[in-house]
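Below is one structure; the comments refer to it alone.
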Amino acid sequence: LAIELKFRFIELKIVINPRQVPDLHEVRLDDDGAYMGTALSLTEVDNYLVKYMESLPEERCGVFRAVHEIMHWFAGKHVRNVASIAGNIVTASPISDLNPIWMAAGAKVVLESNERGLRSPVIDEHFFLAYRRAAVEADEVVKAVVIPFTKRNQYFRVYKQAQRREDDIAIVTGAFNAVVDPKTLIVEEIRISFGGMAPTTKLALNTMKHLEGKKWSQPLLDEGIELIAKEFTLPAGVPGGMARYRQALTLSFFMKFFLEVAEALGIKNVDNRHEITRIGQDIPEGLISTQLYQEVPADQKVHDPVGRAIAHVSGRKHVTGEAIYCDDVQVANCLHMAFVMSPIACGTLESKDFSEALSMDGVVGYIDAEDVLKGIQIGHHNDTPVFVRDKITYHGQPVAAIIAQDHETARRAANAVKLEYTRDKPIISIEDAIKADSYLMQPLVIHSSLLENETVVKNDWSSYDHVIEGEINMGGQEHFYLETQQCVVIPHEDDELEIISSSQGINDVQMEVSKCLGIPAHKIIVKVKRIGGGFGGKENACSLLSVPTAIAARKFRKPVRLTLERYDDMAISGTRHPFKFNYKVALDSSGKFRDYSVTAYGNCGHTFDLSLGVVQRAMVHIDNVYKFPNADIEGRLCKTNLASNTAFRGFGGPQGMFCTETLVKHIAEELNLDHDKIREINMYEEGDCTPFGMHLRQCNIRRTWYECKETSNYEQRLKLVREFNRSNKYRKRGIYIMPTRFGIGFGLKQLNQAGALVLIYTDGSVLVSHGGMEMGQGLHTKIMQIAARVLDIPIELVHIHDTATDKVPNASPTAASVGSDMNGLAVQDACNKLLRRLEPFKKANPEGTWKEWVRQAYVERVSLSATGFGIIHSEAVDFFNGKGAELFGYCVYGSACCEVEVDCLTGDHYLLRTDIVMDIGDSLNPAIDIGQIEGAFVQGYGLFTMEEIKVRPDGVRLSRGPGVYKIPSADDAPRHFNVRLLKGSSNRMGIFSSKAVGEPPLFLGACAFFAIREAVRSFRLEHGLKGYFRFDSPATPEQIRLACEDEILSKVPELPPKGTYTPWTVTL
């Protein structure tokens, strides 16, 4: 109902709350089962079933156990506390978790109407009539559900597979109910039901008919698989996609059920009857984690906070809800705005009709392309229209905006605007762009040979001992920050604008609004208190909101607020760039790399945004930690009909490193070599030079690698994993260790600067302003620590209020992991200036206090405010001719070891344990830094294992909310999680010998991906599949299961040739 209200704008004239009807709360045990009133919440139903299971014989509670088991995975606890079983039945969802149970169990639903009284139909093949339509009359009330008892020799099981285990809708749910004579093993009765295989929940009627009366034996399993495979076929382009995977799940579920029953019956002549097919039994209930870091020196002053594990200064406010965000700022007489968005990805806008929208109560007006200054566009490359004028270039593109008295009225009115348009064929994927020669600019190149030669050296590849070639794809990632994109613009006199924005870059917002409205920047003040997560998504995309909101505020002369719904945010704002890599590498007989040629294709969307920098960073991280004597790297910016993809934590680096880590596996499997040995003989040494021209100083990659190997007990656990895999056919484990290197700094030299303003008040308190944004990462906490150390005062005397353009001008975005590096240097500079001014007063009164010195300085009319400035090292690489330079001042290194367990029948997996060793210099704040490492790892784990952007071939984006798009839940983080900070790695290039931490650990999440791949490889080897196999990212359950090729998967038809059907989604 909430979805219908929010997104389809249905009108509800009457709303009835059935939870207040006593009759619907009735619970009792009848002769045929448990009678559950439909006003009971799912949690209440579960509690009653648990109570019954404690008192009734076990054999009567088979269905109760299945319902209890599925309840844990049914949505979240908050949903289960209010949702009812009636809603699940009446909505008749084909992917319901419970409906297959009711159908397989033969549960009854109790219906009542005034005219016809009570009836209790069985939930069978006649109950669900069509998609989201059940056999319930309009005048009937669903009064109760009767959950049947089971009996002796009856076996009931339910299996569910989703993209994510917790709080996720099912891809396929299977419920199985069989009565088997324990003496004759004859199947007396069997019911099989599947959700997710048709527009309605379905019984396997044909399979059931043929299996009844048969003996529970190996031939029954074989026949059952054949029958289900024929009865539940799906066309290649089926709605929801995943045709082969969904079909494979039905067969895998049946095999699981068969083996569990065979084991319970003690049947000896059944293959693999002792096999355990469920995973995760070894997952501990609580956390087993360590966080190891170096304590501050014993002689460090007690009030010196640097290096101490101090809590985030806003941590309490975050968890209590007291933290102020953009949407919490109350502005008087504020109007609200909502975008009118394009329903197509490519075409021509013919007309717009605002008449219905303007007739609605509370609507003030609209803005569109006619309100934008002629020739003005957004972006550093001036290539992004504020609104569509004629050509539509992506699905969800803003066409206009409605301004109204409140948010919901603006949304409803925007939905009422009628658009007429003609469609064109869109370019969606990298493959489409390559075929159409659709690029944003010329190729980018790096030639390592230009570091020592005037011309590019062309080597004879035929002279090398081994040459490996391949291709790999990596998907994108939605930012999914907790606070969506939003801003409020307040107009003042003389064209002054005050903008409160959820942005990582206040300067960009200021300058884009200045450019697009023709107002000098000094009349525009942009402020940020804090933002609710950014991850790069709010570095550049904020101008898509702030510019049109400023236009509206100026036009209507009132404050205007724009708050994007998640549904719209995910359509408009872009994602991490999907990539395709074509690679070729040469090795000598010892396994040493000799040559490397690679082309990186980034899916950039319809305009530049920050894609140039993203592809460049992918190119300078594609070597990861490995020395290539010669490397030729090319980058292409593919122009497609998608929202402009943008910055995301890692900024192209994870994509580049993923290519080369895949390459290492390709070499190992093609040449039958140990992938760990390949790494160790090719890792960079101190002073080595990268293909892009950076010499690696304080190169700690080998230290992190070997320390991780030792502290994770990798070698011993590898033996245990191999033993586990020899003993288990359908469950496989994988363990993997993987390194990373990440260069610190913006690729654009001019951005590697920061400013600060430090004010000392006469009571001794200090107010610090800098250009960095607090987005939950603890930047303000670290800056306060730095200021407190430099001024030699307790941190309690230091405060940061907000970030604003009228305090610190020309601030670079809070990005590239340099927030504390650059802003810390600027604050240090300002504090040192103030210390020099206070020095005479300290000398005159050496026994005095901080407050006394400050007061005396004021009396002597000495300025107690100072600006500061800081820069970090950067030299520009020539990406157009291919010559490198010392691009970064330093690199951050790290290594991770991950162990996983995979269900090879379903593609599900558990991340059992993760060990990380990270080189971050002398940590400014170990508590915050370790939190960043853990968070980055889990975000990277999501990127490489479950987060999947789904777009239709016509460019319509399906991933527009948590219903389709899945990020890791708390349950997905490893319960056994160990993080160590490398000791004794003081960084000569960083503030107080520290290193950046925000982005570098993210790629270590790929370690879980490769551990999964190892488990899959073990399964494949057992099935005679040797050699390298391609395994694109992310490793979703579908991807895992389809890579586990076996006799079950062989029963599922291959997809027809590409181009002969329309797939549900495309690989971007």
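For the sequence shown, position 1004 matches number 1004 in the UniProt record's numbering, and the numbering has no gaps at all. All residues carry an ideal CB built from backbone N, CA and C; glycine is no exception. Values in this document were obtained by computation on a predicted structure and should not be read as measured data.
What is the DSSP secondary structure of residue i, counted as helix, strand or coil?
{"i": "S986", "result": "coil"}
{"i": "N415", "result": "helix"}
{"i": "G935", "result": "helix"}
{"i": "T184", "result": "coil"}
{"i": "F64", "result": "helix"}
{"i": "R960", "result": "coil"}
{"i": "P739", "result": "strand"}
{"i": "H522", "result": "helix"}
{"i": "N99", "result": "helix"}
{"i": "K352", "result": "strand"}
{"i": "C604", "result": "strand"}
{"i": "T662", "result": "helix"}
{"i": "M360", "result": "coil"}
{"i": "P1037", "result": "helix"}
{"i": "K719", "result": "helix"}
{"i": "Y52", "result": "helix"}
{"i": "A996", "result": "coil"}
Quick one: measure Cβ to Cβ for residue i and residue j, integer angstroms, because I've assumed they're closer than 8 Å.
{"i": "R731", "j": "I276", "result": "6 Å"}
{"i": "Q486", "j": "L545", "result": "7 Å"}
{"i": "Y626", "j": "T599", "result": "Rounded, the Cβ-Cβ distance is 18 Å, inconsistent with contact."}
{"i": "F176", "j": "G62", "result": "The pair is not a contact, with the Cβ atoms about 11 Å apart (cut-off 8 Å)."}
{"i": "A631", "j": "P691", "result": "4 Å"}
Of the choices the options, whose alpha-carbon is the least far from that of residue i?
{"i": "G476", "options": "A134, P578, F1031", "result": "P578"}
{"i": "R697", "options": "M474, S462, E886", "result": "E886"}
{"i": "K729", "options": "G602, A338, D353, R1017", "result": "R1017"}
{"i": "L349", "options": "D368, D361, E356", "result": "D368"}
{"i": "F354", "options": "A345, A410, T814", "result": "A410"}
{"i": "R957", "options": "M474, R975, D30, S573", "result": "S573"}
{"i": "A135", "options": "I123, G602, A144", "result": "I123"}
{"i": "E934", "options": "K833, A896, A345, M946", "result": "A896"}
{"i": "T290", "options": "T711, A1035, G365", "result": "T711"}
{"i": "V721", "options": "Q750, V902, G745", "result": "V902"}
{"i": "M989", "options": "H666, G533, A973, S874", "result": "S874"}
{"i": "D922", "options": "V827, P297, D465, G240", "result": "P297"}
{"i": "M773", "options": "I267, Y325, D30, S611", "result": "Y325"}
{"i": "M619", "options": "K883, S463, N978", "result": "K883"}
Just to confirm my understanding: we take residue i, look at its own chain, exclude 5 residues before and 5 after, and list those with CB closer than 7 Å. What are they?
{"i": "T906", "result": "Q161, L249, S252, P1037, R1041"}
{"i": "L227", "result": "N206, T207, H210"}
{"i": "E166", "result": "W73, S969, D971"}
What does a CB cutoff of less than 8 Å around residue i pick up in its chain, not counting 5 residues either side in sequence?
{"i": "P559", "result": "V331, A332, N333, C334, L335, V488, V489, I490, P491, A553"}
{"i": "L265", "result": "V180, P182, L185, W216"}
{"i": "A144", "result": "L24, E26, Y35, M36, G37, T38, V109, V110"}
{"i": "L1004", "result": "M738, T740, G894, S895, A896, I916, A936, F937, G940"}
{"i": "N999", "result": "Checking the sequence shown, residue 999 turns out to be Glu, not Asn. Same-chain partners within the cutoff: R649, G650, F651, G653, F742, A816, S817, A936."}
{"i": "N645", "result": "G476, G574, T575, R576, H577, P578, G602, N603, C604, G605, D609, S611, V614"}
Is the Cβ-Cβ distance between residue i and residue j less than 9 Å?
{"i": "T805", "j": "I506", "result": "yes"}
{"i": "V585", "j": "I468", "result": "yes"}
{"i": "Y131", "j": "P199", "result": "yes"}
{"i": "K592", "j": "I430", "result": "no"}
{"i": "M341", "j": "R412", "result": "no"}
{"i": "I930", "j": "L981", "result": "yes"}
{"i": "F628", "j": "S817", "result": "no"}
{"i": "Y596", "j": "F742", "result": "no"}
{"i": "V758", "j": "A857", "result": "no"}
{"i": "residue 1080", "j": "A416", "result": "Because the chain here runs from 1 to 1068, residue 1080 falls outside it and cannot be looked at."}
{"i": "H381", "j": "T640", "result": "no"}
{"i": "F257", "j": "A178", "result": "yes"}
Within a Cβ cutoff of 6 Å, which residues of the same chain sit near residue i, ignoring the five residues on either side of it in sequence?
{"i": "E670", "result": "I468, Y1028"}
{"i": "Q405", "result": "G362"}
{"i": "I524", "result": "L497, Q510, V513, S514"}
{"i": "E112", "result": "L118, V141, K143"}
Does any heavy atom of the ligand HEM sit closer than 8 Å to the C-beta of residue i?
{"i": "Q161", "result": "As for the ligand HEM, it is missing from this structure, which has no ligand bound."}
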